[in-house]
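What follows is a short report on a single structure.
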Amino acid sequence: MTHTYIPHCQAIPLIVSKVSAGFPSPADDYLDSSLNIHEFLVSKPAATFLVRATGKSMTGIGIHDGDVLVVDKSAKAVDGSVIIACIEGECLVKRLRIGPRAVWLEAAHPHYPPIDIGEHLDFAVWGVVVGVVRKHQENGRVCTD
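Just so it is clear: in the sequence shown, position 6 is 5 by numbering that gives the first Met the number 0, and no numbers are missing.
Written as structure tokens, this is what we have:
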């Protein structure tokens, strides 16, 4: 795992008004404060790591191929949590489901079946996904303008 240390993250202006996809409004009139992205996404730096998602199994909840997931190792995984799990040495992102008689991992896409966590599986929760980071893309290209 590669660790990246960011000694200083500059805060970015935060506009409290919702952004309309219709008629424009003068956003500067609603400038409230600034937002430090690092502080917003990372509440416990010592327990947080980033991992890049691959595949399409979680697109139903907004996790797409190439997204960077913010994961908190100290957060408690409960029924419904989106987690990073390792099963038999393979790590994946799935929704944790805990029923009265079974525990399973659930994808957020209908083409991926649930994964039953039986006693025979080598299973570990690495952390709870607390954020998703992605650059906006249009027509498969990252928008930088």
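Glycine residues also receive a C-beta, built at the ideal position from the N, C-alpha and C atoms.
What residue from Cys85, Arg133, Pro99 has the CA that sits closest to Phe122's CA?
Translated into the one-based positions of the sequence shown, residue 122 becomes position 123. Nearest to Phe122 by alpha-carbon distance, out of Cys85, Arg133, Pro99, is Cys85.
Any idea what DSSP makes of Thr58, helix, strand or coil?
For the purposes of this step, residue 58 is identified with residue 59 of the sequence shown, where counting begins at 1. Correct three-state label for Thr58: helix.
Identify which residue in Arg100, Leu120, His110, Val41 has its Cα closest to the Cα of Lys55.
As a working note, residue 55 is residue 56 in the sequence shown. Lys55 has its Cα closest to that of His110, out of Arg100, Leu120, His110, Val41.
Which stretch, first to last residue, makes up the beta strand (DSSP E) that contains Ile82?
Along the sequence shown, read from residue 1 onward, the residue named residue 82 stands at position 83. If you look at Ile82, you'll find it in the beta strand (DSSP E) that goes 81-86.
Alpha carbon to alpha carbon, how far is Leu145 from Leu40?
Outside the shown range of the chain, which is 0 to 144, sits residue 145, and nothing can be said about it.
For my contact list, Pro131 and Val70 are in at a C-beta cut-off of 8 Å; report their separation, rounded to the angstrom.
As a working note, residue 131 is residue 132 in the sequence shown. As a working note, residue 70 is residue 71 in the sequence shown. The residue you asked about is not Pro; residue 131 is Val in the sequence shown. In fact, because the Cβ distance is near 10 Å, the residues do not count as touching under 8 Å.
Using the beta-carbon count (16 or more within 10 Å), is Asn53 buried or exposed?
Translated into the one-based positions of the sequence shown, residue 53 becomes position 54. The question names Asn, but residue 53 is Thr in the sequence shown. Thr53 is exposed by the Cβ-count criterion.
Indicate the three-state DSSP secondary structure (helix, strand or coil) for Leu49 in the structure shown.
Residue 49 sits at position 50 when you count from the first residue of the sequence shown. Strand, per DSSP.
Where do the ends of the alpha helix (DSSP H) carrying Ile36 lie?
For this step, residue 36 is matched to residue 37 along the sequence shown. It spans 36-40 - the alpha helix (DSSP H) in which Ile36 sits, taken as one unbroken run.
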